[in-house]
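Residue numbers (our numbering), protein chains in the order written: chain A, 1367 to 1512; chain B, 25 to 759. Quick reminder that beta carbons are idealized off the backbone N, C-alpha and C, glycines included. These numbers were taken from a predicted model, which means no experiment stands behind them. Shown next, in structure tokens, is the structure this report addresses.
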Amino acid sequence: VRRSIVVDTTARLISQTAMVLSLYLLFAGHNQPGGGFVGGLVAGAALAVHYVAGGIDDVRAVLRIRPWIVLGSGLVLAAGTALAPVVLGAAVLEGNLTTVTVPALGTAKITTALAFDAGVYAVMVGLAAMIFEGFGEPPAREAGRS
Amino acid sequence: MLLTVVYAVWRAGDVLAGRPISTSVVWVDRLGLSVALRLDGFGLLMVLVVAGIGVAVMAYGACYFSPTPRAARTAGLLVLFAGSMLGVVLADNVAFLYVAWELTSVASFLLIGADHEDAEARSSALHALLVTGAGGLAMLGGLVILADQAGTWLLSEILAAPPSGTATGVGLVLVAAGFMTKSAQFPFHAWLPAAMVAATPVSAYLHSATMVKAGIYLAARFAPAFAASGGWRPAVITIGLVTMLTGGFRALRQHDLKLLLAMGTVSQLGFLMVLLGTGSAAATVAGCTLLLAHALFKATLFLVVGVIDHEVGTRDRRQLSGFGRGWGGVKIATAVAAASMAGLPPMLGFVAKEAAFEAFTGAGWWGPLVLSGLVGGSALTVAYTARFAATVLARPAAGPPVPGPAGRFVAPSLVLASLTVATGIAAAPLLDPLVTQAAADLDPRAHEAGLGLWHGLGVPLALSGVTLGLGALLIAARRPVQYLLAAITPARGAADAYAATIRLLNLLARRTAGIAQNGSLPVYIAIILLTTIAVPSSVLVRANWPGWPVVAESPAQVVIAVLIAVSAFAATVARRRFSAALLLGAVGYGMSLVFVVQGAPDLALTQFAIETLTVVAFVLVLRFLPAEFHRRRPALGVPVRVAVSATVAVAVFAFAIVSAAARQADPISDELIERSLPEAGGRNVVNVVLVDFRGLDTLGEISVLVVAGLGVVALGRVGRRQRPARRPPLGREEQ
């Protein structure tokens, strides 16, 4: 991949902002527009920016974990959150609410739905990465490989 | 598993006093689905067999397998199997029973096919899965019919008040198909010998002692309630006897010791089916005893074969030349288990066989018929047992002696063998309470089991004598018998029938696929679209037209609508694929603008992000395709396609207007908005619906996404692999 320093720098700037935004969307989701689906999609878009800048290698370098592992752990996390109440003797997906105080940031309400949403988020990120993994390799390299 | 045994023994007191333990976790209340478990006498018997043999096999497996990742996988699968098998014998809800039942089939498939580089292992695993899976599906249908007829999903309640009628009859036939395939009854028995490619501990556990008994288990559950009705008793007894004789004859022809045992298992399963499928109290008692006896002696013999195979490297009786020093333990275990299999006193097998003969003495006009079949089958058993024992117990021939196996390798089989002896000699004190309660929980008419070695001179003892005599005759005349068998038995029989069925199915599938999937994308899409609008339109023609809606509420909407319309039209006439993809993206962005204007930030955000990723995905895929659309004539001409598109557009438009005006109840969103903050602690109702109120839907959706993601990678890789072999991929693109 031919790299351009301007594209590289811009990409890093945009993708990092987008990542922060996606996390904000994930956490704010319960009370404001956002949520795991949107957050994950935005994070996927951030990966796309990396793809534009440096191809599949850049995406792999940023994500570090293999996409199917992200995908699978997302599903496990969501399913686990859904089933955990059953083990504890409540209905499937029954939520719980606690308030925690983070020093210097103030208080926040945390629900178990957040963990579920985080699972959704991971699935979306994993899915985006899977698309790059499936179709993202440059045709030239494939010809050499096969 | 040891814990299970300990727990089962601990709670045995309650169960044996006639108080079944039951527990239930509600799953989907309205559908009657629950994880209902019930431990009664018969369940306890099965639990002890499943967990007890499981402990022995696990201890044995530690010596049999060398520590490799594959062995670890096998151990994990064995535990999975043990769990599902316990689920089968404890389930009280028939839906849960089915799930556990299929899990055992899946575990069996994975264990048979453990050596996935071996074509024979793969095809055997598939054979087992297809036969038991098809039977399982039939059984699911049957169980649903029965549950519907009885008005309850609980097995214990269905059996307590059995329904009757034609539908029930159909349901019973379907259930019977399930347990007949699972227990390898004739003519489905061929999968069991094929399954012997699995490692010996697996064969010992799944394919002799436990899993194949699941079918027997279910037959035993249903028999007392339904045996008297219709053709149940003649059909089950006939199939059982044919299975028993077929297995016996086939066992006599085997040289591979493991296959010999497998055929013997088929034969014994037929025997068990006769006993537990008859539904008479005495036969049920005999069946429970034989079930225990068979699990003990057959597991022992399989473990012995595994030791021989492991130490010597072959299990072909023509290549084995006897065993000398260091093989004492193996020989003792073999002698005891073989004696039990042949039905010699004082082993448990003898006790069971006596009880079986007694059960059919004086059973009516059909009693002697069944008895003659059982005696014939048992005589064959004596003969093939002798064939087995003669090989293992033989004195060593000349040549270097084979070193004996390690002590802890033999210990599990010795433990099982000692149980065979102990329960045989002391049948009354040890087994009477268990077997009596097991039979009583199956069939309330059952009385005290009264097991024992000596029942006085009577018909059963005489029949045992006849059996041994016939067996001895078969052994003495083994050469002529072999010639005779070679002449009359077809080479493969049921296995051939299976292969032919599979060939036929594949042919059928190819033909149908050729017609239904002709490879033209425009035709596919046209069919899908027209079907989609045909169904709502049939309602639409009868609906009242509510009048035209307001054209636009603000200038912004007009601008956006024009933008969307222009991009959509441009996309249809674009020559380059890339431009078409971008124009489609523009349509999507236009939609998200609509959402912004209408005050739905969540939707707008999602639509925006989705559109971005879709365009990226498009671009990725487009690199594999030529830049411009093909000029080739497509399967559907331009007029047809325009007509289809226009029809769809009109129908969707009309449907949107009519359905928006057709609302009769208050929208559910009011209630959801009201409950959002107090119940789920969130102010964003969209997100609360996703993760809380409709959380299960979301879980289902992300599962689909995961599968789709896996599909994407697989598709991408497969496409890449085939690239050089073909001309442009996806060659029959539109335009």
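Partners in chain A for residue i, counting only beta-carbon separations shorter than 8 Å
i                : result
Ala641 (chain B) : Ile1497, Phe1501
Cross-chain neighbours of residue i in chain B, by beta carbon under 8 Å
i                 : result
Gln1398 (chain A) : Arg707, Asn708
Phe1403 (chain A) : Thr630, Leu714
Lys1454 (chain A) : The question names Lys, yet the displayed sequence has Leu at residue 1454 (chain A). In chain order: nothing, as chain B lies at least about 12 Å away.
Chain A within 8 Å of residue i, Cβ atoms only
i                : result
Asn117 (chain B) : no
Asp626 (chain B) : yes
Asn711 (chain B) : yes
Gly719 (chain B) : yes
Ile726 (chain B) : yes
Val621 (chain B) : no
Leu644 (chain B) : yes
Leu739 (chain B) : yes
Val736 (chain B) : yes
Val618 (chain B) : no
Gly216 (chain B) : In the sequence as displayed, the identity of residue 216 (chain B) is Leu instead of Gly. Output row for Leu216 (chain B): interface = no.
Leu608 (chain B) : no
Leu637 (chain B) : yes
Interface residues of chain A facing residue i [CB-CB closer than 7 Å]
i                : result
Gly733 (chain B) : Leu1437, Gly1492, Leu1493, Met1496
Leu729 (chain B) : Val1489, Leu1493
Leu466 (chain B) : In chain order: nothing, as chain A lies at least about 32 Å away.
Member of the options whose CA lies at the smallest distance from the CA of residue i
i                 : options                                : result
Ser132 (chain B)  : B:Asp116, B:Arg97, B:Met163            : B:Arg97
Leu1480 (chain A) : A:Leu1389, A:Arg1378, A:Val1408        : A:Leu1389
Leu161 (chain B)  : B:Leu121, B:Glu141, B:His140           : B:Leu121
Pro101 (chain B)  : B:Ala222, B:Ala201, B:Leu508, B:Ser304 : What sits at residue 101 (chain B) in the sequence shown is Leu, not Pro. When only C-alpha atoms are compared, the closest one is B:Ala222.
Val1404 (chain A) : A:Val1486, A:Gly1500, A:Gly1502        : A:Val1486
Arg146 (chain B)  : B:Met220, B:Gly159, B:Ala158, B:Ser304 : B:Met220
Ala363 (chain B)  : B:Ser442, B:Pro457, B:Ala185, B:Ala667 : B:Ser442
Leu1443 (chain A) : B:Ala414, B:Arg741, B:Ala149, B:Ser727 : B:Ser727
Thr224 (chain B)  : B:Leu150, B:Ser693, B:Val331, B:Val563 : B:Val331
Ile588 (chain B)  : B:Arg566, B:Val575, B:Gly614, B:Pro579 : B:Gly614
Ala218 (chain B)  : B:Leu283, B:Asp716, B:Leu296, B:Tyr548 : B:Leu283
Cβ of residue i within 8 Å of any chain B Cβ
i                 : result
Met1425 (chain A) : The amino acid occupying residue 1425 (chain A) in the given sequence is Val; Met does not appear at that position. Not closer than 8 Å to any Cβ of chain B, the Cβ of Val1425 (chain A) fails to qualify, so no.
Leu1387 (chain A) : no
Gly1420 (chain A) : no
Phe1393 (chain A) : no
Leu1360 (chain A) : What is shown of chain A runs 1367 to 1512, which leaves residue 1360 (chain A) out entirely.
Asp1374 (chain A) : no
Val1514 (chain A) : Residue 1514 (chain A) lies beyond the stretch modelled for chain A, which goes from 1367 to 1512, so this question has no answer here.
Ala1450 (chain A) : no
Ala1411 (chain A) : yes
Ala1377 (chain A) : no
Ile1380 (chain A) : no
Thr1383 (chain A) : no
Residues that residue i contacts on chain B, provided the C-beta gap is smaller than 7 Å
i                 : result
Val1408 (chain A) : Ala633
Val1486 (chain A) : Thr722, Ile726
Per DSSP, the bridge partner or partners of residue i
i                : result
Thr405 (chain B) : DSSP output for Thr405 (chain B) lists no bridge partner at all.
Asp142 (chain B) : Looking at the DSSP assignment, Asp142 (chain B) forms no beta bridge with any residue, so it has no partner.
Asp340 (chain B) : B:Asp280
Leu178 (chain B) : B:Asn117
Lys600 (chain B) : As written in the sequence, residue 600 (chain B) is Arg, which differs from the Lys given in the question. Beta-bridge pairing links Arg600 (chain B) to B:Glu652.
Okay, do the region 349 to 362 of chain B and the region 296 to 304 of chain B touch, 3+ Cβ pairs below 8 Å being the bar?
-> no
Between the region 201 to 211 of chain B and the region 170 to 179 of chain B, are three or more C-beta pairs nearer than 8 Å?
-> These segments do not touch.
Does the region 260 to 278 of chain B come within contact of the region 305 to 322 of chain B, defined as at least 3 CB pairs closer than 8 Å?
-> no
Indicate whether the contact test is met: 3 or more Cβ pairs, each with one atom in the region 391 to 408 of chain B and one in the region 275 to 284 of chain B, closer than 8 Å.
-> Taking 8 Å as the limit for Cβ pairs, the verdict is that the region 275 to 284 of chain B does touch the region 391 to 408 of chain B.
Stretch-stretch touch, CB-based, cutoff 8 Å, three pairs: the region 717 to 725 of chain B with the region 595 to 615 of chain B | no
Are there three or more Cβ pairs, one per stretch, closer than 8 Å when the region 372 to 383 of chain B is compared with the region 246 to 254 of chain B?
-> no
Stretch pair the region 217 to 232 of chain B + the region 186 to 203 of chain B: three plus CB contacts closer than 8 Å | no
The region 1490 to 1499 of chain A / the region 1399 to 1413 of chain A touching (three or more Cβ pairs under 8 Å) | When Cβ pairs closer than 8 Å are counted between the two stretches, the region 1490 to 1499 of chain A is seen to touch the region 1399 to 1413 of chain A, the count reaching three or more.
Do the region 550 to 557 of chain B and the region 662 to 673 of chain B make contact, defined as three or more Cβ pairs closer than 8 Å?
-> yes
The region 388 to 402 of chain B / the region 321 to 331 of chain B touching (three or more Cβ pairs under 8 Å) | Segments in contact, no.
Is it true that the region 434 to 453 of chain B meets the region 76 to 83 of chain B, where meeting means three or more beta-carbon pairs spaced less than 8 Å apart?
-> yes
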